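Structure, as structure tokens:
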Amino acid sequence: MNAPFSDKTKPLLSVRDLSKIFDISGGFLDQLTLKNGRLRREKTTVKALNRVSFDIAPGETFSVVGESGCGKSTLGRTVIGLYPPDGGEVHYGGERIDTLSSRRMLPFRRRMQMVFQDPYASLNPRKRVAAILEEPLRFHHPDMTADEVGDRVKEVMEQVGGDVQWLTRLPHEFSGGQRQRISIARALVVDPEFIVADEPISALDVSIQAQILNLMMDAREQRGLTYMFIAHDLSVVEHISTRVAVMYLGSLCEVADVDRLFADPRHPYTRALLSAIPRLGKKKSDHVRLKGEVPTPINLPTGCVFHGRCLYADERCVREIPELLKQDDGVLAACHGVEEGRL
Amino acid sequence: MSALLQVQDLTVNFALRTGDLTALNGVTFALGEGERLGLVGESGAGKSVAGFAIINLIGKPGYIAGGRVLFQGEEISALPEEAIRRIRGHRISMVFQDPMMTLNPVLTIGTQMVETLQAHRNIGQSEAEAIAVDKLRQVHIPSPEKRLHQYPHEFSGGMRQRIIIAIALLNDPQLIIADEPTTALDVTIQAEIMDLFLELCRQTRMGLILITHDLAVVSETTEKIAVMYAGEIVEEGRTEDVVRRPRHPYTQGLIAALPQGDDQRGTRLNQIPGTMPTLTRIPPGCSFHPRCPHAMDVCSERAPGPLPVAYPDGGGGMAACHLYDPNLGDR
Amino acid sequence: MVAFIIRRIVQAFLVMFIISSIGFAIKHNVGDPVWQITGISVSKAERERIREQLGLNDPVYIQYINFLKNAAHGDLGQSYFYKKPAADVILDKAPATLELVLVSSMIIVVLSIPLGVYAAIYPKRIFSRVVMGGSIVGVSIPVFLIAIMGVYLFSVHLGWLPSFGRGATVNVGGWRTGFLTVDGWLHLILPSLSLSSIMLPLFIRLIRSEMMEVLESDYIRYAWAKGLKKYRIWFLHAFKNTLLPVITVGGVQLGITIAFTILTETVFQWQGLGFLFMEAVERSDTALLVAYLMFVGMIMVVVNTVVDIIYGVVNPTVRIAGTK
Ligand SMILES: Nc1ncnc2c1ncn2[C@@H]1O[C@H](COP(=O)(O)OP(=O)(O)OP(=O)(O)O)[C@@H](O)[C@H]1O
Ligand SMILES: Nc1ncnc2c1ncn2[C@@H]1O[C@H](COP(=O)(O)OP(=O)(O)OP(=O)(O)O)[C@@H](O)[C@H]1O
Ligand code: SF4
Ligand SMILES: [Mg+2]
Ligand SMILES: [Mg+2]
């Protein structure tokens, strides 16, 4: 397999201070507001990512969790180059990729693939499965013969547990789980190293989720894949990840190995999140109840983005943005309370 | 425990152009006063249809084709329209899945609460508003007096769902049917809403039917579980029994498919092969047999009836599976 | 909200600008005003002098700017037939048309809402099927046919209603109204009915389909589950939501109704703007044509703008920022 860096200590993906801002103010007229009786022009922006930094080592399954709208999908898309960042850097295999021209980016587009949440929307409904799978292969390997392309497609189809007969059918003829297999096959067909999977199982039923998770774990074993896995189901994240990043309102709160995170969460938000996971057969409810409401990323709170809901917030939290700091055991946490040892 | 609700052999069909489709096939269960029951199953299993059928509110091509529903001893499935209307929102309340779609976007929260009271009780505006404020406070909505005059879009999803729960509580019902009340919400908010349900059930002794696809959520909240598959209840029992010692192969597969926490990390999950059949193509015999690891010859020939299953501590439940038929040899 | 209203108003000006451009283009290209003013018996030099005087030798853009300037002051040129400012002629005839449109709109509203709502609530009932079938027929019969059939039945055959003209009118502060006399009302019946016959079927169908969609929604199902009485669900919960799209479409349709007055007024010899327009076309009265275009365009724009703003006020979910 073409993994150019066997050096396990060097990160495969390295993200530094990544920011992404969406301008949602619309046309000039929409930007007008009336303030104190005077007409003013104001831009409305969504701060979807705020100086996010992390590394992913080869072979890892790095999960990103957080509530809806916290920026998980934006992070995945920015990392893979679907959105240009508004600040910060993305390095892949030691090379900075966020500034590359689209031609120079081409080889990276093969090495990094994405799988989307909605298996209904992400497959072209008018194309047969064979065409869907052949297209990226032809694009990235123009020198491949038709036979080679066909063989490769069949091989991948079998690997995702599909049938060769599927190839002649259209996406709408498949169930959700089958479609998600096809999306995964489409990502695998170009033999990538790194896959960003954005909620690949959220639209599926439990009995089907297990099929897809197994498929992803098998592919990881067989091909030495590295995953960035975006999810909101924490028990699934706990099951398949090696490391987990917890996001809140576009910022990272905590990044830790999966055992450490679930055994000993540091950040107050992580604690609340983990305590909220429904567990089979757990009877008592020891949920940490947060106060307040989730703010919008349009008007970010000052200081720690979490301070309005945090049970431990003090004056410093309102004022100063906490840095993502390394703890003794390697856990990264962005919290003044943790830093000061009062948590 | 006296029976609050008894659903007996309830069958719901949808009259489609291609013929009748049976969405609910002879569903039977009972609920005591103050009892909490979880109705779980995959998408399309018929959970929502069951919930709506209880208050006789099946959408148009659908109709109740058989069976009956007894509420506090009264057969409510045969009541005339006006009489069942007096029960809906009054003695039995519902909470729907998507809080963004459930409230009427052009009416204020206050209007939508007051009308619910006035539909069932002869009270004035100010008295109704006072009750509304009280219930909003009960579901932890801050400054409820002001909130009454706001429209649904001015609230977050979690707050809307709490408002919907407050509306459900307005007339102090004896039963709440909550259809996926937290599926559209984040885990932290889900936990909050579930705690709220538990708190309310304990305070008021009202019954709860919690419809969800998430076994873990019901297992934390309810005392009994009924598992649905392709329009039928395939297993029913006390929550801890069903979760720890599932008897029906479908329930067993479902539970094994869930990630089990720390010790099993990274291992392959147990998967149930195939998918649930669409209701127009339910296989003969046991509807689960093509996916069942224990299927026997009889399974494809004859549908299993509900069979009693026993637990070591003397408790009992029900499983619709030939494995528990004493006449077919034991297991 | 401010941005929303400003945007609507700016859009309105933009549309008016486009309409005025069309008006100018017509004026500039169709018919030589000098001929219309002078006739044939004038020398070439004299014509040239008039051309110069009228600014017809200026560059096009200067002419256009002058045209806009004058239009802004209500000067739309001189009607060649009436020998009066075109704007005055228009204003003189406008009340007749506006009253006709108003009565037709009332008929549409009063009939389409109950019929559409009924057909949505009871789609399977015979009466609903009759209404829906009738509305298809109504859509497909041309308006002049309905008008002529009405005239034949009620005027010629039964002799109940007058077949042309406005009847007795009363002048109230420069506005000649037919609303104050019985005769005026009798004269209004046939024209307004045939004018409303164009939009009525469309409105019934629109209201029915919108209402049926709303009746399928989650919040209506929820209203049933709350045990509300059916009339409250239909006429408050469902109808209020049905109204929103109907208001928007209604504004556009009202504008189209004004255009259809040309036909109706010609059939009934109704002395309004539509009638005037046909006359102006026959007499190649360019100034009057342009004035008609500008006036009717303005009415449509004003109506649409007002409707949009009402919509924004009625609908609590119109986003403040205006993003959709
Ligand atoms: N293309 C876009 N234009 C404008 N705003 C956007 C865009 N994409 C995302 N956003 C905003 O950025 C924020 C983060 O969105 P994102 O989709 O990344 O969240 P998420 O964590 O993936 O949420 P979910 O769990 O619901 O998928 C949200 O507030 C969203 O409204
Ligand atoms: N209006 C309808 N017309 C036809 N069939 C319907 C209608 N409503 C429901 N059904 C059928 O009834 C079956 C059960 O639907 P139901 O909504 O109860 O599923 P569910 O278990 O609630 O699933 P979900 O988890 O997706 O909500 C579905 O398979 C569907 O085919
Ligand atoms: S920094 Fe302060 S507000 Fe933020 S999580 Fe830590 S204690 Fe809470
Ligand atoms: Mg997302
Ligand atoms: Mg449902």
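Top to bottom, those sequences are chains A, B and C. Position one of the first sequence corresponds to residue 19 (my numbering), numbered consecutively onward. Position one of the second sequence corresponds to residue -4 (my numbering), numbered consecutively onward. Position one of the third sequence corresponds to residue 820 (my numbering), numbered consecutively onward. Yeah, the Cβ is synthetic: ideal placement off N, Cα and C, and Gly gets one too. These numbers come from a predicted model, not from an experiment.
Query: Under the three-state DSSP convention, the category residue 245/B falls into; Result: helix
Query: Cross-chain neighbours of residue 1051/C in chain B, by beta carbon under 7 Å; Result: 110
Query: beta-carbon residue 43/B near ligand 5 non-hydrogen atom, thresh 7 Å; Result: yes
Query: Cα-Cα separation, residue 65/A to residue 40/A; Result: 7 Å
Query: Contact check, residue 262/A vs residue 254/A, beta carbons under 8 Å; Result: no
Query: Every unbroken beta strand (DSSP E) within the stretch 850 to 932 of chain C, with a cutoff of 3 residues, ordered by chain; Result: none
Query: Own chain partners of residue 195/A with C-beta closer than 7 Å, once the 5 adjacent residues on each side are dropped; Result: 222, 226, 229 and 230
Query: Coil, strand or helix - residue 349/A by DSSP; Result: coil
Query: 8 Å Cβ cut-off: residues of chain C touching residue 319/B; Result: Those do not exist, as residue 319/B stays about 37 Å from chain C at its closest Cβ, beyond 8 Å.
Query: 8 Å CB neighbourhood of residue 1100/C in its chain, flanking five on each side removed; Result: 1108
Query: For residue 40/A: DSSP bridge partner residues; Result: 64/A
Query: C-beta contact flag for residue 1004/C and residue 83/B at 8 Å; Result: no
Query: DSSP bridge partner residues for residue 24/B (one or two, in chain order); Result: 2/B
Query: CB contact flag (residue 249/B, residue 133/A, <8 Å); Result: no
Query: Residue 994/C, DSSP secondary structure in three states; Result: strand
Query: Spatial distance of residue 238/A from residue 150/A (CA atoms); Result: 22 Å
Query: 8 Å Cβ cutoff, residue 66/B in contact with chain C; Result: no
Query: Inter-residue CB distance, residue 125/B and residue 113/B (contact presumed, cutoff 8 Å); Result: Not quite, the Cβ-Cβ distance comes to about 13 Å (not below 8 Å), so this is no contact.
Query: Interface partners of residue 235/A on chain B, CB under 8 Å; Result: 261 and 263
Query: Test: residue 1131/C CB closer than 8 Å to a CB of chain B; Result: no
Query: Supposed contact pair residue 6/B and residue 73/B - C-beta distance, whole angstroms, cut 8 Å; Result: That belief does not hold up - the Cβ atoms of residue 73/B and residue 6/B are roughly 14 Å apart, past 8 Å.
Query: The stretch 198 to 211 of chain B: positions lying closer than 8 Å to chain A by Cβ; Result: 208, 209, 210 and 211
Query: Neighbour flag for residue 80/B against chain C, beta carbons, 8 Å; Result: yes
Query: Residue 130/A beta carbon less than 8 Å from that of residue 212/A; Result: yes
Query: Buried/exposed call for residue 1086/C, threshold 16 Cβ in 10 Å; Result: buried
Query: Residue 1177/C classed as buried or exposed, judged by whether at least 16 other C-beta atoms fall within 10 angstroms; Result: One cannot answer for residue 1177/C here, as it falls past the ends of chain C, which runs 820 to 1143.
Query: Within 8 Å, strictly: CB atoms of residue 939/C and residue 1024/C; Result: no
Query: Contact with chain C by residue 143/B, beta-carbon distance below 8 Å; Result: no
Query: Element boundaries [alpha helix (DSSP H), containing residue 210/B]; Result: 210 to 216
Query: Closer than 8 Å to chain C by CB, residue 84/B; Result: yes
Query: Residue 935/C versus 1001/C, 1032/C and 889/C, residue with shortest Cα-Cα distance; Result: 1032/C
Query: Nearest candidate by alpha-carbon position, reference residue 319/A, set 161/A, 269/A and 90/A; Result: 269/A
Query: Whole-angstrom distance between residue 191/A and residue 136/A, CA atom to CA atom; Result: 16 Å
Query: Listed by chain order, chain B residues near residue 938/C by CB distance under 8 Å; Result: By Cβ distance, chain B contributes nothing, its closest Cβ being about 15 Å from residue 938/C, past 8 Å.
Query: Alpha-carbon spacing of residue 184/A relative to residue 205/A, whole angstroms; Result: 17 Å
Query: Residue-level contact to chain A via CB, residue 232/B, 8 Å cutoff; Result: no
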